[in-house]
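Undergrad: All residue numbers for the sequence shown refer to UniProt numbering, where the first residue is 1 and numbers rise by one.
Beta carbons are placed, not taken as given, at the ideal position from N, Cα and C, and that holds for glycine.
There's a structure below that I have some questions on.
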Amino acid sequence: MKAPVRVTVTGAAGNISYSILFRIAAGNMLGPDQPVILQCLEIPPAMGALNGVVMELNDCAFPLLHDIVATDDANVGFKDADFALLVGAMPRKKGMLRKDLLTANSKIFSAQGKAINDNAKEDCRVLVVGNPANTNALITMANAPKIKHGNITAMTRLDHNRAISQLADKTGVASTDIKKMTIWGNHSATQYPDISQTTVDGKDATTLVDTDWYRDDFIPKVQQRGAAIIEARGASSAASAASAAIDHMRDWALGTAEGDWVSMAIPSDGSYGVPEGLIYSYPVTCSGGEYSIVQDLPIDEFSRERMDATANELSEEQDDVKDLL
Ligand code: NAI
């Protein structure tokens with residue numbers, strides 16, 4: 001049996017975590033032979049609810065779950081962490097602008113970045129889920145200089161999975177028949193779901209769907225899916241977001257399938273003309289616990305405009321939080 005690894009989850013009493021923690025403990029994230037210690041971080045008012053979640057985790061008697069830490073102290077929560085999923089964030093309230101949300105959450109992520117820097121392993125792999133995820137990851141990274149460069153990432157895997165599901169439904173295939181989907185940019189309505197390189201059962205996706213459907217139906221549907229879920233459910237996506245976070249971490253740790261890639265928001269190295277340093281979603285392959293950007297894909301004018309628009313939004317967000325970087 002391998003030695004257990006430490007996985008920190010913040011916002012551990014919230015909706016997404018109510019799914020994520022059980023999936024991690026069941027072995028869905030790191031495989032069926034990797035024991036885990038869950039380190040659950042919350043704020044003081046949520047500690048009662050968190051204790052209930054811990055009771056339920058214990059009641060599952062998961063063979064891979066070696067220990068659980070429940071705390072409201074970030075220094076304890078991130079102690080020796082190998083993986084950290086930053087889910088906890090202030091939700092967007094009625095009438096709140098994206099900028100207000102940024103300001104509120106920037107304080108949380110600068111403090112947590114420092115706590116990660118001071119306590120986590122230097123090769124800790126971090127996924128930011130709490131919104132605005134890309135810029136929260138940027139703030140976390142700026143406050144955690146000791147953590148290996150590139151190891152602080154943000155989640156666009158839910159958008160990636162949503163895009164696969166929409167295209168599979170349209171073309172009448174299983175989701176596993178869709179390969180090489182890409183989400184470029186920000187986890188926001190400016191994201192660019194790109195099917196120009198996607199294959200459907202081995203065939204070029206663009207030859208199977210008409211351009212009007214792709215541009216006027218598919219792209220906005222993927223971009224607005226989060227809002228559609230809130231409208232239908234009266235609450236934001238939780239189980240699907242948890243599932244996407246598991247997918248992101250699993251592929252990063254264990255590798256992507258041969259002949260396919262996934263979307264991850266990572267610090268830009270300038271690839272595809274994206275300003276260096278922004279946390280931007282790219283197509284990546286993963287192997288040996290490392291990711292690399294898929295290079296040299298052809299970019300037409302339609303794609304260029306959309307990739308630049310979402311980069312511009314990220315640059316504006318970066319500007320709004322520059323005091324914390
Ligand atoms: P929730 O409101 O149910 O849970 C959030 C939890 O975070 C609460 O229990 C709260 O007490 C906790 N929290 C707040 N500040 C904290 C701090 N400083 N340290 C530790 N815990 C803290 O929200 P839910 O539904 O679980 O969503 C969490 C976040 O994920 C939200 O920001 C949401 O917008 C985002 N999200 C991101 C998606 C993505 O694709 N990137 C998809 C869906 C949601």
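Below 6 Å CB to CB, which residues in the same chain sit around residue 179 once its five sequence neighbours on both sides are set aside?
TA: 199 and 260
Undergrad: From the DSSP output, in three-state form, read off residue 160 for me.
TA: Looking at residue 160 - three-state DSSP - the assignment turns out to be helix.
Undergrad: Would you list the residues sitting across from residue 166 in a DSSP beta bridge?
TA: None, per the DSSP bridge assignment.
Undergrad: Which of helix, strand or coil does DSSP assign to residue 44?
TA: DSSP places residue 44 in helix when its eight states are reduced to three.
Undergrad: Residue 237: beta carbon under 6 Å from a heavy atom of ligand 3?
TA: For ligand 3, the structure offers nothing, since it holds only ligand 1.
Undergrad: So is the beta-carbon of residue 70 under 6 Å away from any non-hydrogen atom of ligand 1?
TA: Residue 70 Cβ: outside cutoff for every heavy atom of ligand 1.
Undergrad: Please identify the residue among 225, 64, 62 and 132 whose C-alpha is closest to the C-alpha of residue 96.
TA: 132
Undergrad: For residue 1, count neighbouring C-beta atoms within 10 Å of its own C-beta (all shown protein chains included) and say buried if the count is 16 or more, exposed if not.
TA: Result: exposed.
Undergrad: Rounding to the nearest angstrom, what Cα-Cα distance links residue 122 and residue 150 in this structure?
TA: 11 Å
Undergrad: In chain order, what are the residue ranges of uninterrupted alpha helix (DSSP H) at least 4 long that sit wholly in the UniProt domain "Lactate/malate dehydrogenase N-terminal" (5-151)?
TA: Listed in chain order, the complete alpha helix (DSSP H) runs (minimum 4 residues) inside the UniProt domain "Lactate/malate dehydrogenase N-terminal" (5-151) are 15-25, 47-59, 74-77, 98-119 and 133-142.
Undergrad: Which residues mark the beginning and the end of the alpha helix (DSSP H) in which residue 219 is found?
TA: Element bounds for residue 219: 219-223.
Undergrad: Distance check for residue 267 and residue 12, CA to CA, integer angstroms please.
TA: 26 Å
Undergrad: Would you say the segment 303-311 touches the segment 161-175, given that touching needs at least three Cβ pairs under 8 Å?
TA: The segment 303-311 vs the segment 161-175: no contact.
Undergrad: Keeping to the same chain, check which residues put their C-beta closer than 7 Å to that of residue 194; ignore five residues upstream and five downstream.
TA: So the qualifying residues of the chain are 182, 184 and 303.
Undergrad: What is the DSSP secondary structure of residue 285, reduced to helix, strand or coil?
TA: strand
Undergrad: Answer yes if the segment 207-214 comes into contact with the segment 227-236, meaning at least three C-beta pairs across the two stretches below 8 Å, and no otherwise.
TA: Touching, no.
Undergrad: Taking only three categories from DSSP, how would you classify residue 258?
TA: coil
Undergrad: Give a single yes or no on whether residue 115 has its beta carbon closer than 6 Å to a heavy atom of ligand 1.
TA: Checking the Cβ of residue 115 against ligand 1 gives no.
Undergrad: So which of 42, 126, 38 and 137 has the shortest CA-CA distance to residue 277?
TA: Comparing Cα-Cα distances from residue 277 to each of 42, 126, 38 and 137, the minimum goes to 137.
Undergrad: Taking its Cβ as the centre, do 16 or more other Cβ atoms sit within 10 Å of residue 155, making it buried, or is it exposed?
TA: Around the CB of residue 155, 16 or more other CB atoms lie within 10 Å, so the residue is classed as buried.
Undergrad: Quick check: the Cα distance between residue 366 and residue 26, rounded to an integer number of angstroms?
TA: No answer is possible for residue 366: the residues shown for the chain start at 1 and end at 325.
Undergrad: Of all the options 66, 225, 271 and 33, which has the alpha carbon lying nearest to the alpha carbon of residue 39?
TA: 66
Undergrad: In three-state terms, what does DSSP make of residue 204?
TA: strand
Undergrad: Just checking my contact of residue 42 with residue 50 at CB under 8 Å: how many whole Å lie between their CB atoms?
TA: 5 Å
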